[in-house]
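What follows is a single structure, written as C-alpha cells, with notes after it.
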Amino acid sequence: MKSKVHSHLLIRWIFLRMIALCFLAAFLSMLVQILGLYGQNGIIPISLLLAWQPEYSADIVLRVPSIFWLNSSDSFLQLVCVAGAAFSTLALCGVLTGPMLLLGWFLYLSICSVGQDFMSFQWDSLLLETGLLAAFFAPWRMQEPMPLSPEFKKQPEGSLIFLWLIRLLLFKLMFLSGLVKIASGDKAWHDMTALDYHYETQPLPAPLAWLVAKFPELIQKMSTFLMFVIELGFPFLIFGIRPLRMLAVGGLVFLQLLIIATGNYAFFNWLTIALSLAAADDQMLSGVLPRSLRMSLEMHALTLRSKISETWKFIIPGVIIGTISLGFFANTFLTSTIVPPPVKWLIGLADPLRSFNTYGLFAIMTTTRPEIVIEGSNDGQTWIEYEFKYKPGNIKRMPPSVAPHQPRMDWQMWFASLAPDRVAPWFSLLIDRLLQGSPSVIALFDHNPFPDGPPKVIRAVLYEYHFSDADGLLKRGQWWTRKPIGTYMEARQRAGNQPTF
Numbered sequence: 097m098k099s100k101v102h103s104h105l106l107i108r109w110i111f112l113r114m115i116a117l118c119f120l121a122a123f124l125s126m127l128v129q130i131l132g133l134y135g136q137n138g139i140i141p142i143s144l145l146l147a148w149q150p151e152y153s154a155d156i157v158l159r160v161p162s163i164f165w166l167n168s169s170d171s172f173l174q175l176v177c178v179a180g181a182a183f184s185t186l187a188l189c190g191v192l193t194g195p196m197l198l199l200g201w202f203l204y205l206s207i208c209s210v211g212q213d214f215m216s217f218q219w220d221s222l223l224l225e226t227g228l229l230a231a232f233f234a235p236w237r238m239q240e241p242m243p244l245s246p247e248f249k250k251q252p253e254g255s256l257i258f259l260w261l262i263r264l265l266l267f268k269l270m271f272l273s274g275l276v277k278i279a280s281g282d283k284a285w286h287d288m289t290a291l292d293y294h295y296e297t298q299p300l301p302a303p304l305a306w307l308v309a310k311f312p313e314l315i316q317k318m319s320t321f322l323m324f325v326i327e328l329g330f331p332f333l334i335f336g337i338r339p340l341r342m343l344a345v346g347g348l349v350f351l352q353l354l355i356i357a358t359g360n361y362a363f364f365n366w367l368t369i370a371l372s373l374a375a376a377d378d379q380m381l382s383g384v385l386p387r388s389l390r391m392s393l394e395m396h397a398l399t400l401r402s403k404i405s406e407t408w409k410f411i412i413p414g415v416i417i418g419t420i421s422l423g424f425f426a427n428t429f430l431t432s433t434i435v436p437p438p439v440k441w442l443i444g445l446a447d448p449l450r451s452f453n454t455y456g457l458f459a460i461m462t463t464t465r466p467e468i469v470i471e472g473s474n475d476g477q478t479w480i481e482y483e484f485k486y487k488p489g490n491i492k493r494m495p496p497s498v499a500p501h502q503p504r505m506d507w508q509m510w511f512a513s514l515a516p517d518r519v520a521p522w523f524s525l526l527i528d529r530l531l532q533g534s535p536s537v538i539a540l541f542d543h544n545p546f547p548d549g550p551p552k553v554i555r556a557v558l559y560e561y562h563f564s565d566a567d568g569l570l571k572r573g574q575w576w577t578r579k580p581i582g583t584y585m586e587a588r589q590r591a592g593n594q595p596t597f
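Residue numbers for the sequence shown follow the numbering used here, beginning at 97 and rising by one.
Listed below in C-alpha cells is the structure:
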C-alpha cells in the first residue's frame, strides 16, 4: 500500500526523543560543574553578576531572562539543573512532551542568560533554538502513545509550520557552517589542508583523532572536499523531492557521525542528527520498521490531506516564530532594508531569548596547539601541575571520549590559549579561587595537587602540544609531545589576608 502523501508521526517521535535526550545531557552535564563555575565560591558567581546589574526592574528581567533573579543560592543552582533534567526525562517518556520541552527551554535559557564565557557555545544557542521549535512541534497531551500502540496512528500530524521551521533551521545551520569557512578567506580551507591540522588542534580530540590525523594528505584533502559538498550542497536537497531528501539526510547524518568519532562537541552533533532526521518522513524508514507499524503508518498517510491542518494554538506561535526567524535571516544575511520595521521590532524583542541565531564553527582553522598549564608551589622552586580532567595535560593520558558531557572550563582553556598575550578575565578569577582553595573549583580538576591547603604561589605556562608518532605511543605510551613556549600568567602569590576554605 503506497501513498503520495507521507506521514511524520514516527519521525516526530524520534526527533522529540532526541531533543529530550540532548536537554537531559545538557542539564546533567551542568549539574556536576555548576557550583564550580557559578556557585558562591565558583569562578564567576551568578549572585555577584546579578548584583552588578542596574536596579531590579521589568526591563532588566526582559533583557536578561533568568529564573535566577528569584534565587541564586548554591542549592537553587543545583535545583534548576535537577528540575531541567526531570522535565527532560518526562518529555523523553512522552509525558506532556510539549510543555516539558518548553519548561526545559526556559530553564536552560536561564543558565545561558547569565552564563557569560562558559555558556557562549554555538550548541547552547542551537539547543535553545531547536528546543523552542520542538516544544510546539510536540504533542500537548498528557501522554504520547508509543509507536507500536494502536493509538499511535490515530494521532494528528505535527504542526506543518514548525516542521518546516525545523528544516529551515537545519538548512541555516549546515549551509552557514560551510559558508563561513569559504568567506573567512582562511588559506587552510581554500587549499583543502584544514584537516591536516584539525584532528590535533581541535579543543578536545577523541581517541580516534590520533589515528585519523596520521592519514595521508590526499585522504585529508578528499575529506575536506566532501565536507564542503555536504555542508554547502546537501542543505538545498532538504527542499527537493524525496530521493534528494533521502540523500541529504544520509549525507548530513554521516558527516555528524564522523565528527562524533574523532572529537568531543557535547550534544552538538546529536542535535544536528535530530534536525537532519526531521527532513525525512515515516516512509523513508519503512525498510527497517516492523510490518505492523509500517502498515499503520501507511494507512495513516492515506488519511492525510495535502493542505495545512493546524489548530489555533500552533498557528499563532508558528506565525510569530516563523516571522522572527525569516526576518532574522533576511536582516542578517540579505539586506535589512527588506525587513519591515514591525518585524525588526519583533527581532529586537526576541533577541534576549537566544533562540534565533547564526552558526558556523571553525571559520579559521587553528594550525598549532598551545596549551596553558597551571602550576602551584609553596617555595617558588618546586612546581606541581593542576591536571585537568579532559583537556591535554599529561602526555601519557589518552584523549578522552566525553561527549555529550561538556567540561566547560576545559573548553575555555582552549580558547584562552589562542590569545596568549592577554589573560582572560575569567582565568584570573580561576587563579584567585585556586589560591583560596575553593573546593567547588578544585572539583573541576582531575585531583587536588595540594590536599593540605592551597599553594602560596601559582603561575601559568604555555606549551606547544603535538600528537606523538607511532613509536612514542607504542613504545613509551605517549599520546602527546610537548615543549615550553612561554608564560601565560606570571606567578601570583596568595595574599596574607586572602580567605581560604
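All C-beta atoms in this analysis are idealised placements derived from N, C-alpha and C, irrespective of residue type, glycine included.
Cut-off 6 Å between Cβ atoms - residues of its own chain near residue i, not counting five sequence neighbours on either side
{"i": "Gly132", "result": "Gly138, Ser536, Val537, Ala539, Leu540"}
{"i": "Cys208", "result": "Met215, Asp220, Arg450"}
{"i": "Met196", "result": "Phe183, Leu186, Ala187"}
{"i": "Leu145", "result": "Val210"}
{"i": "Phe523", "result": "Ala512"}
{"i": "Phe267", "result": "Pro331, Ile334"}
{"i": "Gly347", "result": "Ile326, Phe330"}
{"i": "Ser534", "result": "Asn137, Phe597"}
Cross-strand partners of residue i (DSSP beta bridge)
{"i": "Met585", "result": "Ala556"}
{"i": "Gly472", "result": "Ile480, Ile554"}
{"i": "Phe563", "result": "Trp576"}
{"i": "Val191", "result": "Gln239"}
{"i": "Pro301", "result": "Gly359"}
{"i": "Pro466", "result": "Glu560"}
{"i": "Phe541", "result": "Phe484"}
Buried versus exposed, by CB contacts within 10 Å (16 or more), residue i
{"i": "Ile416", "result": "exposed"}
{"i": "Ser171", "result": "exposed"}
{"i": "Ile404", "result": "The pLDDT assigned to Ile404 is 42, lower than 50, so where the model puts this residue is not dependable, and the model offers no usable value."}
{"i": "Ala566", "result": "exposed"}
{"i": "Met242", "result": "exposed"}
{"i": "Val469", "result": "buried"}
{"i": "Asp517", "result": "exposed"}
{"i": "Met505", "result": "buried"}
{"i": "Met238", "result": "exposed"}
{"i": "Thr583", "result": "exposed"}
{"i": "Ser168", "result": "buried"}
{"i": "His501", "result": "buried"}
{"i": "Glu240", "result": "buried"}
{"i": "Ala147", "result": "exposed"}
{"i": "Leu353", "result": "exposed"}
{"i": "Thr358", "result": "buried"}
{"i": "Ala279", "result": "exposed"}
{"i": "Asp548", "result": "exposed"}
{"i": "Phe330", "result": "buried"}
{"i": "Ser125", "result": "buried"}
{"i": "Leu598", "result": "This structure leaves residue 598 out entirely; the chain is present only between 97 and 597."}
{"i": "Lys250", "result": "exposed"}
{"i": "Ser143", "result": "buried"}
{"i": "Ile130", "result": "buried"}
{"i": "Ser206", "result": "buried"}
{"i": "Glu313", "result": "exposed"}
{"i": "Asp475", "result": "exposed"}
{"i": "Thr320", "result": "buried"}
Whole-Å CB distance - residue i paired with residue j, under 8 Å assumed
{"i": "Glu471", "j": "Arg555", "result": "6 Å"}
{"i": "Phe233", "j": "Leu259", "result": "6 Å"}
{"i": "Asn360", "j": "Ala302", "result": "6 Å"}
{"i": "Phe484", "j": "Asp542", "result": "6 Å"}
{"i": "Thr368", "j": "Leu269", "result": "7 Å"}
{"i": "Ile140", "j": "Leu525", "result": "6 Å"}
{"i": "Ala305", "j": "Pro495", "result": "6 Å"}
{"i": "Tyr486", "j": "Val498", "result": "5 Å"}
Cutoff 8 Å; reference residue i; Cβ partners in own chain excluding five residues on either side
{"i": "Asp282", "result": "Ala290, Ala459, Ile460, Met461"}
{"i": "Lys317", "result": "Met288, Thr289, Leu291"}
{"i": "Val345", "result": "Ser372, Leu373, Ala375, Ala376, Met380"}
{"i": "Tyr204", "result": "Phe119, Ala122, Phe123, Gly180, Asp220, Leu223, Leu224, Gly227"}
Neighbourhood of residue i by C-beta distance below 7 Å, restricted to the same chain and skipping five residues each side
{"i": "Asp377", "result": "His102, Ser103, His104, Ile107"}
{"i": "Ser273", "result": "Glu327, Tyr455, Gly456, Leu457"}
{"i": "Ala284", "result": "Ala290, Tyr293, Met461, Thr463"}
{"i": "Thr428", "result": "Thr454"}
{"i": "Val308", "result": "Tyr295, Thr358"}
{"i": "Gly135", "result": "Pro141, Asp170, Leu173, Ser536"}
{"i": "Ile110", "result": "Leu373"}
{"i": "Val276", "result": "Gly456, Ala459"}
Minimum Cβ-Cβ distance from residue i to chain C less than 8 Å
{"i": "Gly472", "result": "In the structure shown, chain C cannot be found, because there is only a single protein chain."}
Counting only runs of 4+ residues fully inside the segment 100-148, write out the alpha helix (DSSP H) ranges in chain order. Those alpha helix (DSSP H) runs which fall completely within the segment 100-148 and span 4+ residues are 105-127, 130-134, 142-148.
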